[in-house]
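Okay, structure first, notes after.
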Amino acid sequence: MLVSATEMLKKAKAGHYAVGQFNINNLEWTKAILQTAQELNSPVILGVSEGAGKYMCGYKTVVGMVNGMMEELNITVPVALHLDHGSYDHCYKCLEAGFSSIMFDGSHYPIDENVAKTTELVKAAHDKGVSIEAEVGSIGGEEDGVVGMGECADPKECKAIADLGVDFLAAGIGNIHGKYPANWQGLSFETLDAIQQLTGDLPLVLHGGTGIPADMIKKAISLGVAKINVNTECQLSFAAATRKYIEEGKDNQGKGYDPRKLLAPGFEAIKATVKEKMELFGSVGKA
Ligand code: 13P
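Mapped onto our numbering, the consecutive letters of the sequence shown carry residue numbers 478 to 764.
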């Protein structure tokens, strides 16, 4: 059964480790992440962006696939199914479809509007036992070929949003989605420290987990980060393994074109990436 992410992240913050949110794109992704979490006895959060939700034929399809897979694969570790960067409308769609966690990304609204919408969604989520993440300070990334540098959130705004009752909070600390550019300045630990001092026990979320060096990840965890989102890195490992299979001509050998064979190296590559991250984040054995 899916669980909200609240308890697993409270435990992670208190225990000084982080739970990975790994974004899913299809059946192979979901199976690879769930199996790895079970093998390593780790809690896990499956992230679904609005685009990935649409690609997988809608949120109800995703809920059906994840619930079915958990039962058939005997997954017993805590698993949360989480909407990633949800708009106001899609938060409601996911609450209705049976997600156990949502993120309302109101970071692009003026702070007053972010507060009003977050307040309403906190109530709607908690009425259903669903956890909710909010965001302050937009997280940069590539859009139309231009890489935006990550903003640093205002710690006072973080405190204002934290006080609305959200279960965990994403705050921009110079992190961005996708690959980091060569001239990236690194994470702002000064900002993170100031945010944690004002928000206390609230688990903090680090987006853009791909490509952040291990020492920065560890330092972020020591300053209150309890959830780390990873998406691009699984895509890169899947693509590299699939490319190798095809470049070696394996799809032309025997029944190598069978998707169950063709997608197997990419599947194993996702598993290896998830394992590496769970070990780095310290969530192994914490289910
Ligand atoms: P990356 O794609 O950079 O790993 O970021 C993932 C993320 O933050 C999803 O919200």
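In this text, a Cβ means the ideal position worked out from N, Cα and C, and glycines have one as well. Please read these numbers as outputs of a predicted model, since none were measured by experiment.
Asked	Found
Can we say the stretch 713-722 touches the stretch 480-495, given the rule of at least three CB pairs closer than 8 Å?	no
At a cut-off of 7 Å, would you count Glu710 as near ligand 1, judging by its Cβ distance to the nearest heavy atom?	yes
Hey, how far is the Cα of Met478 from the Cα of Leu523?	13 Å
If we count the other Cβ atoms within 10 Å of its Cβ and call it buried at 16 or more, is Ser578 buried or exposed?	buried
In whole angstroms, what separates the C-alpha of Ala703 from that of Ala659?	27 Å
Measure the beta-carbon distance from Thr507 to Val543 and round it to whole angstroms, keeping in mind my assumption that it falls under 8 Å.	6 Å
Taking Cβ positions, are Met533 and Asn503 nearer each other than 8 Å?	yes
Please return the same chain residues whose Cβ sits closer than 7 Å to the Cβ of Thr676, not counting the five positions on each side in sequence.	Cys635, Lys636, Ala639 and Leu646
Taking only runs that begin and end inside the stretch 546-604, name each unbroken alpha helix (DSSP H) of 4 or more residues, in chain order.	565-574 and 588-604
What first and last residue would you give for the alpha helix (DSSP H) that runs through Val751?	Ala741 to Phe758
Based on the DSSP secondary-structure assignment, which residues constitute the bridge partners of Asn706?	Gln498
Curious, which full-length beta strand (DSSP E) runs of at least 3 residues does the stretch 481-527 contain?	496-500 and 521-526
Where do the N-terminal and C-terminal ends of the beta strand (DSSP E) with Ser665 fall, by residue?	No beta strand (DSSP E) contains Ser665, which DSSP labels as neither H nor E.
Shortest alpha-carbon distance to Val592 belongs to which of Ala489, Lys695 and Leu641?	Leu641
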